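**Student:**
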Amino acid sequence: MTMGSTENKPGLAEAMVGGNKNEILAAIDRLDTSVFDADVTRKAVECFGSIHWLIRFKSSMKVSVMGSGAVPILLEYLNSSNSDLQYWAIVCLGNIGDKSALPHLKPMLLTPVGKESPNQVFVAQAVAMLGDTDGVKFLFRKLAAKSFREREQAANCLEKVGPGIMKALVSSLGYGHEEILFWSLSILKKMNIEDIDTLIKFLVNANVHIRRGVAELLGSYPRLDVVQALASRLSDPDWHVRKISADSIVRCGSMAVPCLQQLSGSANEDESYWAIRTLGRIGDSDSIDHLLILIENPSPFIRRSAARYIGFGKPEKAVDALIGCLGDQALSVRQAAADALTEYGESVVDQLAAHLNDPNEDVGFWLTRIFGKIKGNSTRYLLQAMNSDDPIKRKWAAMALGMVGDLSVCNVLVQGMKDEHWPVRLNCAHAMENYCPQAVEVLIQNIRNEDPDICYWVTKVLRRVKDTIWEKMSFLLSMGNDDMRFFTAFAFGEIGDIKAIEFLIKSLDDGNDWVRKLAMDSIIKLGGQDHLKERLPAAPPALKAEIMKRLREMGLVSVEDMVGDLVSRNQQAREQAARSIMEMGKGVVGDLKEIMEKTEDEALRMALIKVARAVETGSEFGLDF
334 MTMGSTENKP GLAEAMVGGN KNEILAAIDR LDTSVFDADV TRKAVECFGS
384 IHWLIRFKSS MKVSVMGSGA VPILLEYLNS SNSDLQYWAI VCLGNIGDKS
434 ALPHLKPMLL TPVGKESPNQ VFVAQAVAML GDTDGVKFLF RKLAAKSFRE
484 REQAANCLEK VGPGIMKALV SSLGYGHEEI LFWSLSILKK MNIEDIDTLI
534 KFLVNANVHI RRGVAELLGS YPRLDVVQAL ASRLSDPDWH VRKISADSIV
584 RCGSMAVPCL QQLSGSANED ESYWAIRTLG RIGDSDSIDH LLILIENPSP
634 FIRRSAARYI GFGKPEKAVD ALIGCLGDQA LSVRQAAADA LTEYGESVVD
684 QLAAHLNDPN EDVGFWLTRI FGKIKGNSTR YLLQAMNSDD PIKRKWAAMA
734 LGMVGDLSVC NVLVQGMKDE HWPVRLNCAH AMENYCPQAV EVLIQNIRNE
784 DPDICYWVTK VLRRVKDTIW EKMSFLLSMG NDDMRFFTAF AFGEIGDIKA
834 IEFLIKSLDD GNDWVRKLAM DSIIKLGGQD HLKERLPAAP PALKAEIMKR
884 LREMGLVSVE DMVGDLVSRN QQAREQAARS IMEMGKGVVG DLKEIMEKTE
934 DEALRMALIK VARAVETGSE FGLDF
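Numbering (my numbering), first residue to last: 334 to 958.
1) For Thr801 and Phe836, I'd like the C-alpha separation in whole angstroms.
2) Would you give the residue range spanned by the alpha helix (DSSP H) that Lys470 belongs to?
3) Could you pull out every unbroken alpha helix (DSSP H) segment of at least 4 residues lying fully inside the segment 368-418, listed in chain order?
4) Please confirm whether Leu810 and Lys839 have their CB atoms less than 9 Å apart.
5) Please tell me whether Asp467 and Leu442 are closer than 9 Å, where the distance is taken between their beta carbons.
6) What separation, rounded to the nearest whole angstrom, lies between the Cα atoms of Glu604 and Pro451?
7) Count the other C-beta atoms from every protein chain shown that fall within 10 angstroms of the C-beta of Lys354, then say buried if there are 16 or more, exposed otherwise.
8) Alpha carbon to alpha carbon, how far is Ala822 from Met806? Give it in angstroms, no decimals.
9) Among the candidates Asn428, Ser414, Pro405, whose CA atom is the shortest distance from the CA of His437?
10) Relative to the C-alpha of Gly552, which residue among Tyr768, Ile526, Ile635, Ala459 is closest?
11) What residues in its chain sit with their C-beta under 7 Å from that of Met588, if we drop five residues either side in the sequence?
12) Between Ser480 and Met499, what straight-line distance do the alpha-carbon atoms span, to the nearest angstrom?
13) Quick one: what does DSSP say Asp863 is sitting in, helix, strand or coil?
14) Restricting to runs no shorter than 4 residues, where is the alpha helix (DSSP H) found entirely within the segment 609-635?
15) Is it buried or exposed, Thr950, if we count other Cβ atoms within 10 angstroms and call 16 or more buried?
16) Look at the alpha carbon of Ala477 and the alpha carbon of Phe515, and state the distance between them as a whole number of angstroms.
17) With distances taken Cα to Cα, identify the nearest neighbour of Leu740 among Gly709, Ser638, Gln717, Ile856.
18) For Val590, I'd like the list of residues in its chain whose CB is within less than 6 Å of its CB, leaving aside the five on either flank, ordered along the chain.
19) Beta-carbon within less than 7 Å of Leu563's beta-carbon, same chain only, minus the 5 sequence neighbours each way: which residues are those?
20) Nearest-angstrom Cα distance between Glu409 and Arg584?
21) Val757 to Ile707, Cα distance in whole Å?
22) Which residues in the same chain as Thr339 place their Cβ atom closer than 6 Å to its Cβ, once the five residues preceding and following it in sequence are excluded?
23) Taking only the alpha-carbon atoms, compute the straight-line gap between Ile656 and Val696 and give it to the nearest angstrom.
24) Ala478 by DSSP, collapsed to three states: which one?
25) With a floor of 4 residues, list each alpha helix (DSSP H) that falls wholly inside the segment 786-872, ordered by position along the chain.
26) Around the C-beta of Gly546, are 16 or more other C-beta atoms found within 10 angstroms, so that it is buried, or is it exposed?
27) How many Å lie between Leu776 and Lys751 at the Cα?
28) Could you tell me if Thr444 is buried or exposed, where buried requires 16 or more neighbouring beta carbons within 10 angstroms of its beta carbon?
29) Give the range of the alpha helix (DSSP H) segment to which Gln748 is assigned.
30) Let me know the alpha helix (DSSP H) ranges lying completely inside the segment 685-772, each 4 residues or longer, listed in chain order.
31) Using the C-alpha atoms, what's the distance from Trp572 back to Asp431?
32) Name the residue from Ile615, Glu629, Val424 whose alpha carbon lies nearest to the alpha carbon of Gly598.
33) Determine the contact status of Leu851 and Phe819, defining contact as a CB-CB distance below 9 Å.
34) With a threshold of 6 Å on Cβ separation, who are the neighbours of Leu715 within its own chain once the five nearest residues in sequence on each side are excluded?
35) Can you give me the Cβ contacts of Met929 inside the same chain, cut-off strictly under 6 Å, excluding the 5 residues immediately before and after it?
36) Where does Gly552 fall in DSSP's three states?
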């Protein structure tokens, strides 16, 4: 570098300090680093204290490539009270790589506890970059600091030191300190490790965290010795080590298949399970062919594992073998095969449907269950099965229809509630429960079905799901059409929960006579006659008469309860009361006469005489209410 050149424009140093941000940046960009000028360099270093990060960054990049000539100037600022200026001076010293700075930097690592500089970790980074192990040791100690910020800073600094610390990072895995282990592994994952043999040795370390971390690291290096080392950990005492090792083997691909094939039949169940699982995840032709062989293995554990993972990549040639597994003598194998086929989805529905008439009942059962989980296109086969002559197939189809989530099947399920076989009816009811509250209209419409079995099962379903359907039924009772309000009022009574009374009371004002009648009946059925009586004083005459009539028919009111309205100021109320008493027949005359004798109300006595005469003659003539 030429000393004292005037290559730079006069006034450049002043522009870098006295100008605005853009002028300073432009001046820094013009700086020719091949020409060393002490004054300009000093001004550039002073820019490290700028309030603008971009100015600090760009000036540091320029100074870093100026070489050893800038070192004396940078050393002057190591003890600056401006932390930004001090930080960038430290960074530049590390980047320049002149070891003459070490005697000035290393003492800064010895600051007494409690008086550490916030830039101390960057001093350690610079010392490490200059090839001194004290900086590396300091940073490793910081990986175990109490403060997360300090640990993160130390890790970032170690990463910037570069490949030179790789051996130290690998060695640190054996320290046994979880924080150091975590951060060392984090750094190693970002580096291209050359010393794989040393890394492999840590797979048998007593520290489970080391084994986990190393197993994950090795997955980035697809080599045969790595595969063999990872395969040896498939029987590790720690589940996480086994899983991470298996996942890392998957990343090694097809080269791992021969090793896994050998382990798949191992007497050690962990080794066998993870080898089979990994073969399924690799999923190449050799892996699938081997799993097809394992499906015939005498061990139900191996058959189950093979059935479970052979379908991981959904290979077509595995479908027939999995269908065969649905008839396996071991339940666990059948379940695993069913789960695997379910993952194939609608693409195999037609292929599965061809086996619905398999003589093995287990095959039919699991296929039906698979259709229920696949949903979509498989529903048509379930609906066909509901018309089968075989009650067992109908029973399974009903169960599966409860899984498909298609409301259009609800009417089929309701009709299935009158099936001649009780298990079919039961499964239809259970299936309908899965569709509530959305399907509550279908249930309510059938609660008075002409078939008693349908009525029974519909009522049973409504009672079982009542807590989920109150809001829906309340809406139907108030906003549904006449038929829906009618059936809903009846259904509330059949459900048998007194909470329904608060909804039914509102229906007493319904404009439909039959809805009001059923609402009253349901209220009475639920033991809510007192609620009806409380409604009487404020009820319109017509409604009051209806309530009295229903209560009278149920034997819940006496003549004495009814005669008060005979002297009401409301003519309609008087007439309704008189007619209601007359409808009770001649047997009521004795009660009327008894009330006449007791009452001191002359108007009431005269009204009672008229009503009694009308009852005896059977004519309303003379009732001048």
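We put the CB at the ideal spot given by N, CA and C, even for glycine. For clarity, every value in this text was computed on a predicted model and none was experimentally measured.
**Tutor:** The structure says:
1) Counting from 1 along the sequence shown, the entry for residue 801 is found at position 468. Counting from 1 along the sequence shown, the entry for residue 836 is found at position 503. Taking the straight line joining both Cα atoms gives about 15 Å.
2) In the sequence shown, residue 470 corresponds to position 137, counting from 1. First-last of the alpha helix (DSSP H) with Lys470: 466-475.
3) Taking 4 residues as the minimum length, the alpha helix (DSSP H) runs contained wholly in the segment 368-418 are 371-379, 386-397, 404-408, in order along the chain.
4) Translated into the one-based positions of the sequence shown, residue 810 becomes position 477. Translated into the one-based positions of the sequence shown, residue 839 becomes position 506. Cβ atoms of Leu810 and Lys839: closer than 9 Å.
5) Stepping through the sequence shown from its first residue, residue 467 is reached at position 134. Stepping through the sequence shown from its first residue, residue 442 is reached at position 109. Taking 9 Å as the Cβ cut-off, Asp467 and Leu442 qualify as a contacting pair.
6) Working through the sequence shown from its first residue, we reach residue 604 at position 271. Working through the sequence shown from its first residue, we reach residue 451 at position 118. Whole-angstrom Cα-Cα distance: 50 Å.
7) As a first step, residue 354 must be located in the sequence shown, where it is residue number 21. Exposed.
8) Numbered from its first residue, the sequence shown carries residue 806 at position 473. Numbered from its first residue, the sequence shown carries residue 822 at position 489. Those two C-alpha atoms are separated by around 9 Å.
9) By one-based count along the sequence shown, residue 437 stands at place 104. The option with the nearest alpha carbon to His437 is Pro405.
10) Residue mapping note: residue 552 aligns to position 219 of the sequence shown, counting from 1. Measuring from the Cα of Gly552, the nearest candidate turns out to be Ile526.
11) Start at 1 with the first residue of the sequence shown, and residue 588 comes out as number 255. If we look at Met588 and ignore the five residues flanking it on each side, its Cβ neighbours are Pro555, Leu557, Val560.
12) Within the sequence shown, residue 480 is the residue found at index 147, counting from 1. Within the sequence shown, residue 499 is the residue found at index 166, counting from 1. Cα atoms of Ser480 and Met499: separation of roughly 24 Å, rounded to the nearest angstrom.
13) Here residue 863 refers to the residue found at position 530 when the sequence shown is read from its first residue. Helix.
14) 618-627
15) Start at 1 with the first residue of the sequence shown, and residue 950 comes out as number 617. Within 10 angstroms of the beta-carbon of Thr950 lie fewer than 16 other beta-carbons, which makes it exposed.
16) As a first step, residue 477 must be located in the sequence shown, where it is residue number 144. As a first step, residue 515 must be located in the sequence shown, where it is residue number 182. Each residue's Cα considered, the two are about 10 Å apart.
17) The residue labelled residue 740 in the question sits at position 407 within the sequence shown. Minimum Cα distance to Leu740 is reached at Gly709.
18) Walking along the sequence shown from the start, residue 590 turns up at place 257. Closer than 6 Å at Cβ, skipping near neighbours: Asp619, Ser620.
19) On the sequence shown, residue 563 is found 230 positions in, with the first residue counted as 1. Answer for Leu563: Ala548, Leu551, Ser578, Ser581, Ile582, listed in chain order.
20) Start at 1 with the first residue of the sequence shown, and residue 409 comes out as number 76. Start at 1 with the first residue of the sequence shown, and residue 584 comes out as number 251. Rounded to whole angstroms, Glu409 to Arg584 spans 52 Å at the Cα level.
21) Position 424 of the sequence shown, counting from 1, holds the residue named residue 757. Position 374 of the sequence shown, counting from 1, holds the residue named residue 707. Each residue's Cα considered, the two are about 21 Å apart.
22) Along the sequence shown, read from residue 1 onward, the residue named residue 339 stands at position 6. In this predicted model, Thr339 has a pLDDT of only 41, less than 50, meaning its place in the structure is not dependable; the value taken from the coordinates is given anyway. None.
23) Here residue 656 refers to the residue found at position 323 when the sequence shown is read from its first residue. Here residue 696 refers to the residue found at position 363 when the sequence shown is read from its first residue. In a straight line, the C-alpha of Ile656 is about 7 Å away from that of Val696.
24) Looking up residue 478 in the sequence shown gives position 145. Ala478: coil per DSSP, three-state reduction.
25) The qualifying runs are 799-812, 815-828, 834-839, 846-858, 862-868.
26) The residue labelled residue 546 in the question sits at position 213 within the sequence shown. Burial call: buried.
27) The residue you call residue 776 lines up with position 443 of the sequence shown. The residue you call residue 751 lines up with position 418 of the sequence shown. Taking the straight line from one Cα to the other gives about 14 Å.
28) Here residue 444 refers to the residue found at position 111 of the sequence shown. So Thr444 counts as exposed.
29) Within the sequence shown, numbered from 1, the residue matching residue 748 stands at position 415. Start and end: 743-749.
30) 694-707, 712-718, 724-734, 743-749, 755-766
31) Locating residue 431 in the sequence shown gives position 98, counting from the first residue. Locating residue 572 in the sequence shown gives position 239, counting from the first residue. Cα-Cα distance, rounded: 49 Å.
32) Position 265 of the sequence shown holds residue 598. The candidate whose alpha carbon is nearest that of Gly598 is Glu629.
33) As a position in the sequence shown, residue 851 is number 518, starting the count at 1. As a position in the sequence shown, residue 819 is number 486, starting the count at 1. Result yes, Cβ atoms of Leu851 and Phe819 sit closer than 9 Å.
34) Position 382 of the sequence shown, counting from 1, holds the residue named residue 715. Within the same chain, Leu715 has close Cβ partners Phe704, Ala730, Ala733, Leu734.
35) The count along the sequence shown starts at 1 and reaches residue 929 at position 596. The residues are Arg938, Leu941.
36) Mapped onto the sequence shown, residue 552 falls at position 219. Residue state, collapsed to three classes: coil.
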